[in-house]
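>
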Amino acid sequence: MASSTFVKGMEDLSVTSGDSAGFQFRAKCGCCPKVTFTSEFIPFSQAGGKGVFSKVFSKSVDPAPNANSQAWADEHKKVAEAFADAVEGNFTYCPKCDKYVCEKCWNTVRDMCLNCCAQFARSAYDDPFFRQKKEEQKCAQCGTAVAGAKFCPKCGTKVIPKGTCPKCSHKVPDDAVFCPECGNKMK
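2 is the number of the first residue of the sequence shown in the numbering used here; add one for each residue after it.
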């Protein structure tokens with residue numbers, strides 16, 4: 002059975018009144034406009050469906066189908082779930098953005114959609130440690146340029162990036178005197 006979030010995310014193209022009342026749904030990729038699945042039009046079972054001549058010569062008047070009726074709601078739900086079951090396998094759920102995306106927009110390495118991967122990359126790039134040029138990093142003990150190494154090549158001291166607590170590795174503001182996580186004195 003299709004998940005309720007997938008069913009809620011589908012576009013409802015149903016016609017709610019007249020003799021042509023029926024159900025149709027569309028499911029789209031949450032990232033790209035290229036991948037779209039549209040269901041066949043399925044007429045509402047109680048829409049009447051009489052031809053023009055039978056309406057003219059018929060003495061009884063059938064009420065128009067009511068989109069607010071329980072019969073409409075039940076059949077609408079049944080058709081929507083059947084369509085969702087048929088196409089949900091073509092999409093993957095991204096827990097970061099809460100969207101269903103096609104296989105072309107899914108990054109299997111990162112387990113997220115391409116939009117979220119791009120946001121993740123931007124946020125990592127905005128991290129002060131990554132923005133700091135590797136040439137600017139120096140050993141706190143002896144002042145030797147460490148160029149992104151984990152340990153100083155001259156004295157062997159562990160290199161701690163600026164803005165990181167040496168005790169708990171928590172990120173701290175540059176002007177902090179104490180680590181807000183463990184209370185360690187920063188300088």
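Every residue, glycine too, gets a C-beta built ideally from N, C-alpha and C.
Only a predicted model underlies this, so the values are computations on that prediction, with no experimental measurement involved.
Count the C-beta pairs between the region 80–96 and the region 2–15 that are closer than 8 Å, then say yes if the count reaches three, no if not.
Short answer: they touch.
> With a threshold of 8 Å, are at least 3 pairs of Cβ atoms found where one atom belongs to the region 36–47 and the other to the region 109–116?
Short answer: they don't touch.
> Run the CB neighbour count on Cys89, radius 10 Å, all protein chains shown included, and call it buried at 16 or more, exposed below.
As a position in the sequence shown, residue 89 is number 88, starting the count at 1. Here the sequence assigns Glu to residue 89, which means Cys is not the residue at that position. By the 10 Å Cβ count, Glu89 comes out buried.
> Nearest-angstrom Cα distance between Cys153 and Val178?
Position 152 of the sequence shown holds residue 153. Position 177 of the sequence shown holds residue 178. So the alpha carbons of these two residues sit roughly 24 Å apart.
> What three-state label does DSSP hand Arg27 in the structure shown?
Counted from its first residue, the sequence shown places residue 27 at position 26. Reduced to three states, the DSSP call for Arg27 is strand.
> Going by DSSP in three states, Thr158 sits in which element: helix, strand or coil?
Within the sequence shown, residue 158 is the residue found at index 157, counting from 1. DSSP places Thr158 in coil when its eight states are reduced to three.
> Going by DSSP in three states, Glu12 sits in which element: helix, strand or coil?
Residue mapping note: residue 12 aligns to position 11 of the sequence shown, counting from 1. Of the three classes helix, strand and coil, the one that applies to Glu12 here is strand, per DSSP.
> Mind checking whether Ile43 and Gly19 have CB atoms under 7 Å apart?
For this step, residue 43 is matched to residue 42 along the sequence shown. For this step, residue 19 is matched to residue 18 along the sequence shown. Contact: no.
> Can you tell me whether Thr6 is buried or exposed? The criterion is at least 16 other CB atoms within 10 Å of its CB, across all chains shown.
If you number the sequence shown from 1, residue 6 lands on position 5. Flag for Thr6 reads exposed.
> Measure from the alpha carbon of Cys114 to the alpha carbon of each residue in Glu76, Ala150, Cys30 and Asp86, then state which is nearest.
As a first step, residue 114 is located in the sequence shown; it is residue number 113 there, counting from the start. The candidate whose alpha carbon is nearest that of Cys114 is Cys30.
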